[in-house]
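In the working numbering, the protein residues as written are -2 to 352.
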Amino acid sequence: MSTLRVGLRCDAGPRRGVGHLVRCLALAEEFQARGAHVAVFGAVDRLDWATAELAARGIPLHPGPESPAELVEAARRHELDVLVLDSYELDPAGAGALRAAGVFTLAVIDGDTRGQDADLYLDQNFGAQTGALPGRLLAGSRYALLRDSVVAARPPAPRPATAVSRPRVLAFFGGTDAVGAAPVLTRVLLATGHPMELTVVVGRPEIEAELEEISPGRGQILRPVPPTGSLPALITEADLVVSAAGTSTWELCCLGAPAALVCVVDNQRESYTRVVRHGLAAGLGELPELTGAGVAGRAARATAARTLQGLLGSPQRRTALAARAWSTVDGRGRARVVDAVLDAVRPAAVTGQGR
């Protein structure tokens, strides 16, 4: 069989965030490791670190086709065998058009197929169900897509309990913090009154400006840092991580991080609820509640602060979360996904059913 040619269609930017691109990068690394030629199709807006990640892997970035006809035309022009679709915004008819054109199509979804007619679907969320699409859905966190840098940093066992007087806390909310969660959760963390070294990843200049107005209390240190490729190292060094309940959840699990999550957008709610219910992370509630005015907002922030206070003061509680999280995501999910794609594509190529 000639070199497999794989395209990944996703977008990233200050409004969209970077979750789609990050999981496509993980798939790209795995396809490259299997000898495939890989290209990304989409917009990567005002994210220098993200374009640098693509360049470092030798992955070309092409404009993102939008309509079904444009997707098919791009697949033909670049002679793609496989096209991965990871978007909430593309016309759902694109998947079926690609299949009709003989391009194997993998749709990455979060619960809702959006009516796409793909050859294969991937829902990497914890507890995702396989019943609705028998034989065509890879479901659950055993298929979590994680980059090389995360897998390489995975500890051989969960971290044991360590009592520390001033815990190291890391807070990050996606590559751009599109919804402005960092200032809100920084205030909630500092409101615990617990001593801490708090590192906050700042996704945008506006976030940094807000953080500059926040004054830490006694024994508290607040350190803003820009988005970094060293995030896995920061995660493994932290005693507690506070994050959005998006794609980074699976990175935190793989690394065995004791974590407290915030549901920042509606499409995270189902996964957030399952993860918290099963004790893989603590739950701090939903961002709209935490930003609310009046009695309800104050109550939501106070409840979240109590949860954080309990975690900061209890190494045993942090360790229990870390152990359950570590055992749930083993870092081999992307290999399972690529195995499934190759198992489907190779027989088609041999029998002449595909390109």
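Built from N, CA and C at the ideal position, the CB exists for glycine as well. Predicted model, so just to flag it, every value in this text is computed and none were measured.
Excluding sequence positions up to five before and after E70, its CB lies within less than 8 Å of the CB of P62, all in the same chain and listed in chain order. With respect to the C-alpha of L58, the residue from P65, D45, S64, A66 having the closest C-alpha is D45.
Of all alpha-carbon atoms in H75, E194, R331, the one lying nearest the alpha-carbon of T0 is that of H75.
The continuous alpha helix (DSSP H) containing I204 extends over residues 202 to 208.
In its chain, beyond the 5 residues on either side, S138, Y140, A141, L142, W247, G330 have a beta carbon closer than 7 Å to the beta carbon of Q121. Counting only residues of its own chain and dropping the five nearest sequence neighbours on each side, E67 has no CB closer than 6 Å to any other CB.
When DSSP assignments are scanned along the region 45 to 92, the uninterrupted stretches of alpha helix (DSSP H) that are 4 or more residues long and fall wholly within it turn out to be 45 to 53, 65 to 74.
Q306 is a Cβ neighbour of T189, given a cutoff of 8 Å. Remark: fewer than three beta-carbon pairs, one from each stretch, lie closer than 8 Å, so the region 268 to 275 and the region 220 to 236 are not flagged as touching. Look at G10 here: in three-state DSSP terms it is strand. Contact between A115 and A149 does not hold, since their C-beta atoms are separated by about 31 Å, which reaches or exceeds 8 Å.
Per the C-alpha coordinates, the member of F38, V326, Q265 positioned closest to I106 is Q265. Ranked by Cα distance from G108, the options A341, A301, R271 are led by R271. The Cβ atoms of T196 and L167 lie closer than 8 Å to each other. Nearest in C-alpha terms to Q313, of all of P155, G328, R111, G280, is P155.
I106: not part of any beta strand (DSSP E); DSSP gives it neither H nor E. Within the same chain, and ignoring the five residues on either side of G289 in sequence, the residues whose Cβ sits closer than 7 Å to its Cβ are A297.
In terms of CA proximity to R343, V79 leads the group W323, G294, V79.
The beta carbons of L318 and A301 sit no closer together than 8 Å. When C-beta atoms of the region 229 to 238 are compared with those of the region 247 to 256, three or more pairs fall below 8 Å, so the two segments count as touching. A direct Cα-to-Cα measurement between R96 and D83 gives close to 16 Å. In the same chain as G4, and ignoring 5 residues on each side of it, the C-beta atoms closer than 6 Å to its own belong to A36, F38, L77, L80, in chain order.
With a beta-carbon spacing of about 35 Å, L18 and H191 fall beyond the 8 Å limit used to define contacts.
Assignment of G4 by DSSP, reduced to helix, strand and coil, places it in the strand class.
The beta carbon of F170 sits closer than 6 Å to the beta carbons of A178, A179, A241 from its chain, once the five residues preceding and following it are set aside; these are given in chain order. In this structure, the beta-carbon distance from L119 to L103 falls below 8 Å.
Collapsing the DSSP output to three states places L309 in a helix. DSSP lists M193 as the bridge partner or partners of Q217. Following the DSSP letters along the chain, one finds A30 inside the alpha helix (DSSP H) bounded by residues 16 to 30. The residue among A9, L339, G14, F101 with its C-alpha nearest the C-alpha of A175 is G14. Rounded to whole angstroms, the Cβ separation of A47 and V41 is 5 Å, and the two are in contact under 8 Å. Per the DSSP secondary-structure output, H34 pairs in a beta bridge with R2. In the three-state scheme derived from DSSP, where H, G and I count as helix and E and B as strand, G330 is classed as helix. In this structure, the straight-line span from the alpha carbon of R184 to that of S311 is close to 21 Å.
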